[in-house]
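To convert a position in the sequence shown, counted from 1, into the numbering used here, add 9. Note that the Cβ used here is the ideal one computed from N, Cα and C, for glycine as well.
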Amino acid sequence: MSTRTSKQPDSNQPKQGASTFWSPLPWIAALLVMGCTFLLIAVGAMVTTLKAGMAVPDWPTTFGYNMFTYPLAAWLNGPRDVLVEHGHRLLGSLVGILSIFLVGVSWWKSSLRIVKYFSLVVLVAVILQGVLGGLRVLHIDQALAMIHGCTGQLFFAMAMLMVFFATKRWQEAKPIYHPAAGKVHALAVSVAGLTYLQVVFGAALRHFPHWHSVLSHLALATLLSCLVTWLAISLALVGRQVPGFRWASGGLLSVLLLQLLLGGGVWLARYGGLETYVVVAGGADQLLSTTGHVLGGATFFSLTLVIAVGSFRWLSSSPSSIDQPAETTASASIAEPVS
Numbered sequence: 010m011s012t013r014t015s016k017q018p019d020s021n022q023p024k025q026g027a028s029t030f031w032s033p034l035p036w037i038a039a040l041l042v043m044g045c046t047f048l049l050i051a052v053g054a055m056v057t058t059l060k061a062g063m064a065v066p067d068w069p070t071t072f073g074y075n076m077f078t079y080p081l082a083a084w085l086n087g088p089r090d091v092l093v094e095h096g097h098r099l100l101g102s103l104v105g106i107l108s109i110f111l112v113g114v115s116w117w118k119s120s121l122r123i124v125k126y127f128s129l130v131v132l133v134a135v136i137l138q139g140v141l142g143g144l145r146v147l148h149i150d151q152a153l154a155m156i157h158g159c160t161g162q163l164f165f166a167m168a169m170l171m172v173f174f175a176t177k178r179w180q181e182a183k184p185i186y187h188p189a190a191g192k193v194h195a196l197a198v199s200v201a202g203l204t205y206l207q208v209v210f211g212a213a214l215r216h217f218p219h220w221h222s223v224l225s226h227l228a229l230a231t232l233l234s235c236l237v238t239w240l241a242i243s244l245a246l247v248g249r250q251v252p253g254f255r256w257a258s259g260g261l262l263s264v265l266l267l268q269l270l271l272g273g274g275v276w277l278a279r280y281g282g283l284e285t286y287v288v289v290a291g292g293a294d295q296l297l298s299t300t301g302h303v304l305g306g307a308t309f310f311s312l313t314l315v316i317a318v319g320s321f322r323w324l325s326s327s328p329s330s331i332d333q334p335a336e337t338t339a340s341a342s343i344a345e346p347v348s
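In structure tokens:
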């Protein structure tokens, strides 16, 4: 009896007959989008901490001027809140322009469908994010401000995914069979989903500070610390077959530790205890610690999402889907909690 099975086409691979040449241009463009988005999130965090979201009361104009023709002297020498808010808008516009460039070079230079079509998703997402930010100004709505902050971190994760998709390593990846692949997939997806929920809880604490927001944020941080440690151990063990997973494991634990330290720094710098927990405008120490914590959260969520997607790219739970199954020495129990 024949055991041969037909394989479904892989959208991550070039079309049959298409060139497998890898160009660094889409990767460079994606890296630019990601880098500028990182700066954009930093400035956005400052806007929230300084309560400067309404420093410029009109949109898409700036005090009646076209956003790009607002006098430089008035911007740089004006009030601090205007400096930060208008800078946030200009950075957002730059990310939009770079996203258009990303689409162009992706369709011009990449042979992977996922790179081409995901670049379009990134462009649509940045347009929607800009409109959402404008609506927050026009309607003076804190709920919209919170949503805008959450979707901003989601966009950063998408930009990091785009960088990942555009690498030569992604293009040339060949999944291997591992008996624990299904468990690693489930754990990685769960961690990514819960991490984004933590982003939402953090935004709720920033915009609608209540005692239950504090408890939710701290409780989920505790749960995530345990799950991330479990995932990191699983990735390290799978790394015997996929060396890159060892780097992912170490990076995940490092960013987790940094984020926990930054979170502790926020409490010590601004609050000094649990009796006063509202994040409000303050001195440079509060501004820097809070901004660092927001950036750490964005980086951590993005990393968990990349790891989740990468686990499906490099690990297969089905031997029949692999041309030449790799030998595995670790047992399927690597994704079980370590006793």
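Judged by DSSP secondary structure, P35 falls within the alpha helix (DSSP H) whose first and last residues are L34 to T58. Rounded to whole angstroms, the separation of the alpha carbons of V114 and K125 is 9 Å.
Setting aside the 5 residues that flank it on each side, I156 is surrounded in the same chain by L141, each with a C-beta closer than 7 Å to its C-beta; the list follows chain order.
Taking the C-beta atoms as reference points, V130 is found no nearer than 8 Å to M63. Between A39 and V172, the C-beta gap is smaller than 8 Å, which places the two residues in contact. Looking at the DSSP output, Y186 sits in a beta bridge with S325. Excluding five sequence positions before and after Q180, the CB atoms of its chain that fall closer than 7 Å to its own CB belong to W31 and L121, given in chain order. In this structure, the CA atom of V198 is about 5 Å from the CA atom of A317.
The Cβ atoms of F309 and H194 do not sit closer than 8 Å to each other. Here H95 is buried: its Cβ has 16 or more other Cβ atoms, across all protein chains shown, within 10 Å. Relative to I109, the option among H97, S119, S128 and V93 whose CA is nearest is S128. Across the structure, A54 and T231 are spaced so that their CA atoms are roughly 24 Å apart. Secondary structure note for M169: its alpha helix (DSSP H) is the uninterrupted segment Q151 to F174. Restricting attention to A201, L314, A190 and G305, the CA atom closest to the CA of L324 is found in A190.
Exclusion of the five residues before and after G101 leaves L49, G139 and G142 as the residues of its chain whose Cβ lies within less than 7 Å of its Cβ. By a beta-carbon distance limit of 8 Å, V135 does not contact V93. Their separation comes to about 20 Å. Spanning the alpha carbons of D67 and R98 requires a straight line of approximately 12 Å. Spanning the alpha carbons of A212 and G259 requires a straight line of approximately 27 Å. CA-CA distance, L144 to M43, rounds to 24 Å. The Cβ atoms of L103 and C159 lie no closer than 8 Å to each other.
Of the other Cβ atoms in all chains shown, fewer than 16 fall within 10 Å of the Cβ of F77; this residue is therefore exposed.
A straight-line Cα-Cα distance of about 17 Å links P188 and W239. Take G272, set aside five residues on each side of it, and the residues of its chain with a beta-carbon closer than 6 Å to its own are H302, in chain order. Excluding five sequence positions before and after L236, the CB atoms of its chain that fall closer than 6 Å to its own CB belong to V200, given in chain order. The C-beta of G306 has 16 or more other C-beta atoms within 10 Å across all chains shown, which makes the residue buried.
For G274 against S298, the beta-carbon gap comes to about 4 Å, under 8 Å, which counts as contact.
With a cutoff of 8 Å on beta-carbon distance, V91 and I185 are scored as not near each other.
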